[in-house]
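Enquirer: Let me give you the structure first, and then I'll get to my questions.
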Amino acid sequence: MRAVVVQRFGGPEVLVEAEVPDPVAGPGEVLVRVEVVGVNYADTHTTENTYLAPQQLPLVPGAEVVGRVVACGAGTDAGLLGRRVVALVPTGGYAELAVCPVDSTVEIGEDLPGADACALVLQGVTAWHLLRTSTRMAPGESVVVHSAAGGVGTVAVQLAARWHAGRVIASASTPDKRSLAADLGADVVVDAAAAAEAGAGAVRDLLMSANDGECVDVVLEMTGGDVFNGSYLALAPLGRLVVFGMASRRAGRSIPPVDLMATSRTVAGFWLQAALAHGGLRAAMDELLSMTRAGLLRPVLGGEYALADARLAHEDLRARRTVGKLVLRP
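Counting along the sequence shown from 1, when you hit position 142 you're at 142 in the UniProt record's numbering, and nothing is skipped either side.
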């Protein structure tokens with residue numbers, strides 16, 4: 001089969017299409033002929049070996065696929081054979097065939113576009129957990145969504161609005177991206193990354209100004225640096241900030257425990273793999289799929305690339321030239 005193989009860690013230049021042996025499904029696994037592969041910002045860290053889970057070479061990246069089950073491993077329910085599914089995989093998604101754990105495989109039927117399913121299973125489920133599990137957003141609360149035009153952000157803006165946030169404040173880097181966030185339901189759109197060039201205080205002031213001078217209740221943060229620092233400063237008492245990425249590749253400030261006590265603020269971290277280990281996929285996917293089919297949630301598709309163009313997809317993603325969900329088609 002054809003796959004994108006990483007033989008050395010590095011940037012987009014290490015993504016090379018090659019012929020490799022077909023994988024074989026083991027116990028508790030199914031083999032899927034891939035229709036579309038999701039591309040995520042985390043993949044850019046994986047190819048550098050700078051993400052949360054250490055990687056080994058050679059590596060086929062890719063954490064989510066949509067396709068049809070063509071084989072079942074020993075002891076696996078043969079009823080999945082021939083079914084169309086979306087699945088999360090530890091690695092191996094950038095390929096014509098992928099081995100998928102049954103526990104992270106969801107049947108989607110024939111009606112849902114593959115790219116839409118990819119937009120939901122990792123980034124959509126992440127957005128769901130950021131609001132439902134990590135921050136426990138309540139109706140009426142103000143919610144800041146950074147990188148609001150990205151894969152997680154486009155879903156999070158819609159969910160926060162649908163779940164009756166008091167005010168959805170979206171941050172994005174260009175006028176077109178801010179316009180998209182407004183179309184998805186954001187009440188106010190800003191550019192926190194530009195404000196961060198003037199320091200954390202400028203980010204705090206920008207977010208509070210967007211909230212009529214008040215501190216904010218919930219922040220979804222994946223940029224790092226002074227965007228994180230300023231967002232923390234803008235938190236209201238009992239406010240919650242959840243970190244789910246560090247796109248700038250710059251860490252934020254260290255926060256002394258006494259500061260958290262004095263302000264009654266919460267700073268949390270989120271990694272989808274940890275949530276999945278505690279059964280965090282099914283409930284989220286059931287609600288996201290239901291909302292999508294009912295027209296209450298719109299997956300935003302930002303680009304489609306051939307498998308051989310994985311390098312270009314990563315270059316576009318890292319250069320912030322994209323919005324929504326990117327996919328590869330083997």
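Beta carbons: idealized from backbone N, C-alpha and C, even for Gly.
Which one or two residues does DSSP pair with L328 in a beta bridge?
Expert: V37 and Y305
Enquirer: Quick check: does the Cβ of R249 come within less than 7 Å of any heavy atom belonging to the ligand PLP?
Expert: The ligand PLP is not part of this structure, which contains no ligands at all.
Enquirer: Give every residue of the same chain whose Cβ lies closer than 6 Å to the Cβ of F9, excluding the five residues on either side of it in the sequence, and list them in chain order.
Expert: So the list reads E48 and N49, once near-sequence residues are dropped.
Enquirer: For V144 versus V243, is the C-beta distance shorter than 8 Å?
Expert: Their beta carbons are not under 8 Å apart, which means V144 does not touch V243 by this criterion.
Enquirer: What residues are listed by DSSP as bridge partners for I169?
Expert: V144 and V188
Enquirer: Can you tell which of V102, V106 and A251 has the C-alpha that lies nearest to the C-alpha of G73?
Expert: V102
Enquirer: So what's C72 in DSSP terms, helix, strand or just coil?
Expert: strand
Enquirer: Give the secondary structure of E96 by DSSP, where H, G and I count as helix, E and B as strand, and everything else as coil.
Expert: coil
Enquirer: Exposed or buried, which one is Q158 when buried takes at least 16 other CB atoms within 10 Å?
Expert: buried
Enquirer: Using a Cβ-Cβ cutoff of less than 8 Å, which residues in the same chain neighbour E64 once the five nearest sequence positions on both sides are dropped?
Expert: V37, G38, N40, V86, A87, L88, V89, G93, C118, V121 and L122
Enquirer: If I measure Cβ to Cβ from L206 and keep anything under 7 Å in the same chain, skipping five residues before and after, which residues do I get?
Expert: The answer, listed in chain order, is V190, A192 and A195.
Enquirer: Should M261 go down as buried or exposed, given a rule of 16 or more other Cβ atoms within 10 Å for buried?
Expert: Exposed, because fewer than 16 other Cβ atoms sit within 10 Å of the Cβ of M261.
Enquirer: Is it right to say G225 is buried, meaning 16 or more other beta carbons lie within 10 angstroms of its own, or is it exposed?
Expert: buried
Enquirer: Pick out the complete alpha helix (DSSP H) segments inside the region 193-256, 4 residues or longer, and give them in chain order.
Expert: Listed in chain order, the complete alpha helix (DSSP H) runs (minimum 4 residues) inside the region 193-256 are 200-210 and 225-233.
Enquirer: Are V70 and R33 touching if we call contact CB-CB under 8 Å?
Expert: yes
Enquirer: Buried or exposed for T174, please, with buried defined as at least 16 other CB atoms from any protein chain shown within 10 angstroms of its CB.
Expert: exposed
Enquirer: Taking Cβ positions, are A268 and R240 nearer each other than 8 Å?
Expert: yes
Enquirer: Between the region 102-115 and the region 293-310, can you find at least three pairs of beta-carbon atoms closer than 8 Å?
Expert: Result yes; three or more Cβ-Cβ pairs closer than 8 Å.
Enquirer: Which residues does DSSP list as the beta-bridge partners of L31?
Expert: A71 and V99
Enquirer: With a CB to CB cut of under 8 Å and the five nearest residues on each side skipped, what residues in its chain are close to V258?
Expert: none
Enquirer: Which residue or residues does DSSP assign as beta-bridge partners of G26?
Expert: In the DSSP output, where bridge partners are listed per residue, G26 has none listed.
Enquirer: For the beta strand (DSSP E) containing E315, name the first residue and the last one.
Expert: Here E315 belongs to no beta strand (DSSP E); instead the alpha helix (DSSP H) covers A310 to R318.
Enquirer: Sort E13, V24 and L15 by Cα distance to R1 and report the nearest one.
Expert: A small correction: the amino acid at residue 1 is Met; Arg does not occupy that position in the sequence shown. Nearest option by C-alpha distance: V24.
Enquirer: Is it the case that the Cβ atoms of V125 and A284 are separated by a distance below 8 Å?
Expert: yes
Enquirer: With a Cβ-Cβ cutoff of 8 Å, do residue 332 and A148 count as a contact?
Expert: The structure shown does not extend to residue 332, since the chain is modelled only from 1 to 330, so the question has no answer here.
Enquirer: Whole angstroms are fine: how far does the CA of R204 sit from the CA of D22?
Expert: 51 Å
Enquirer: Determine the DSSP secondary structure at A262, reduced to helix, strand or coil.
Expert: Three-state result, A262: helix.
Enquirer: Grab the span of the alpha helix (DSSP H) containing T126 for me, first residue to last.
Expert: V125 to H129
Enquirer: Would M208 pass as a contact of A234 if the rule is Cβ separation under 8 Å?
Expert: yes
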